[in-house]
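**Student:**
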DNA sequence: CTAAGTGTACTAACGCATTTAATACACATC
DNA sequence: GATGTGTATTAAATGCGTTAGTACACTTAG
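Chains as they are written, first to last, in my numbering: chain A, 8 to 141; chain B, 8 to 141.
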């Protein structure tokens, strides 16, 4: 079940886009998997169908999903979807890092922050469980 | 001169707060330095005085600056200002990294992104000061 | 064919944050 | 006293996000 923060400054449709992208990267949504219908998803999330549609529109524009009138919306089979979603995440990280650099923070301070999130073990393992898919 | 993006999703007063914090961390604004008056700053930036005041209010609430009625607004002499601003930047980086981690990105991928911003030289120099002028 | 479910499009209205505008007041400085 | 400060208040306008309701074309199951 997807949890939304209706109080967040981030619009609902942006949160939804992020969540779907996250599920794709986690492998819980695979190419050609069908997404919930606009109306069902909206009912399930307690929001308006138009809001779901807006998220789907953006995702289709970014070629993360594709939609067929009368059938439904599906995860894009495009091989580069994962690559694209990865790149999106990387870009967000880079933006924050650039801002920090502009504020004179040192590389080591940033690296420390990354270690704070991922743990400080010296191994170069990513630490997650889907590593074997390489 | 401070440049604002009036089209950004980030409110003007938030941009202004960021810019001032940035100038403090760059050492261009030092403790007890006087900031432009609300009215002058607004005229200079081409925005409404209320917007500047809102930024100043937030900065004073966060103890980044202090204001004296009849005199002006000044950078707080609090020794921890720099530390606090650093922490803000670090938190933004961590948020982006946590989001990326939730999407299954590996630690190495994040580290690579950091290197993309800071450069890949193996030295542990922080890169601040006049380093970039070489 | 019919019915139900799908994506899509459109208009209208509302809420809310942001921003602007215009005053007003108290204080400090000269 | 004049000027320049910060501060407070009210009002209006604007834009974005969201909801609501309706409508149409399409696909599928029966």
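Backbone N, C-alpha and C fix where the C-beta goes; we use that ideal spot for every residue, glycine too.
Please read these numbers as outputs of a predicted model, since none were measured by experiment.
Quick one: what does DSSP say residue 79(A) is sitting in, helix, strand or coil?
**Tutor:** One-based indexing of the first chain puts residue 79(A) at position 72. Of the three classes helix, strand and coil, the one that applies to residue 79(A) here is strand, per DSSP.
**Student:** What did DSSP end up calling residue 44(A) once you bin it into helix, strand or coil?
**Tutor:** Locating residue 44(A) in the first chain gives position 37, counting from the first residue. Note: residue 44(A) maps to coil in three-state DSSP.
**Student:** CA-CA distance, residue 32(B) and residue 52(B)?
**Tutor:** For the purposes of this step, residue 32(B) is taken as the residue at position 25 of the second chain. For the purposes of this step, residue 52(B) is taken as the residue at position 45 of the second chain. Distance between the alpha carbons of residue 32(B) and residue 52(B) is about 21 angstroms.
**Student:** By how many angstroms is the C-alpha of residue 100(B) removed from the C-alpha of residue 69(A)?
**Tutor:** Your numbering for residue 69(A) matches position 62 in the first chain. Your numbering for residue 100(B) matches position 93 in the second chain. Spanning the two alpha carbons is a distance of roughly 25 angstroms.
**Student:** For residue 11(B) and residue 79(A), what's the separation of their Cα atoms in angstroms?
**Tutor:** The sequence position of residue 11(B) within the second chain is 4, counting from 1. The sequence position of residue 79(A) within the first chain is 72, counting from 1. Distance between the alpha carbons of residue 11(B) and residue 79(A) is about 42 angstroms.
**Student:** Can you tell me whether residue 97(A) is helix, strand or coil according to DSSP?
**Tutor:** Translated into positions along the first chain, residue 97(A) becomes position 90. DSSP places residue 97(A) in helix when its eight states are reduced to three.
**Student:** Contact check, residue 103(B) vs residue 103(A) under 8 angstroms by CB: the rounded distance?
**Tutor:** The residue labelled residue 103(B) in the question sits at position 96 within the second chain. The residue labelled residue 103(A) in the question sits at position 96 within the first chain. The Cβ separation is near 4 angstroms, so the contact holds.
**Student:** Is it the case that the CB of residue 60(B) approaches a heavy atom of the ligand MG more closely than 8 angstroms?
**Tutor:** Among the components of this structure there are no ligands whatsoever, and the ligand MG is therefore not found.
**Student:** If contact means a Cβ-Cβ distance below 8 angstroms, which residues of the region 90-106 of chain B contact chain A?
**Tutor:** Residues 92, 93, 96, 97, 99, 100, 101, 102, 103, 104, 105, 106.
**Student:** Check whether the Cβ atoms of residue 114(B) and residue 125(A) lie closer than 9 angstroms to each other.
**Tutor:** Along the second chain, read from residue 1 onward, the residue named residue 114(B) stands at position 107. Along the first chain, read from residue 1 onward, the residue named residue 125(A) stands at position 118. Yes, they are a contact pair.
**Student:** Helix, strand or coil: how does DSSP classify residue 72(B) here?
**Tutor:** For the purposes of this step, residue 72(B) is identified with residue 65 of the second chain, where counting begins at 1. Correct three-state label for residue 72(B): strand.
**Student:** In or out: residue 92(A) buried (at least 16 other Cβ within 10 Å) or exposed?
**Tutor:** The count along the first chain starts at 1 and reaches residue 92(A) at position 85. By the 10 Å Cβ count, residue 92(A) comes out buried.
**Student:** Just to make sure I have the definition right: I need the residues of chain A whose C-beta is within less than 9 angstroms of the C-beta of residue 7(B). Which are they?
**Tutor:** Chain B is shown from 8 up to 141; residue 7(B) falls before or after that span and cannot be answered.
**Student:** As a quick exercise: from 50(B), 20(B), 25(B), 44(B), pick the residue whose alpha carbon is nearest that of residue 110(A).
**Tutor:** Numbered from 1 along the first chain, position 103 holds the residue referred to as residue 110(A). The option with the nearest alpha carbon to residue 110(A) is 25(B).
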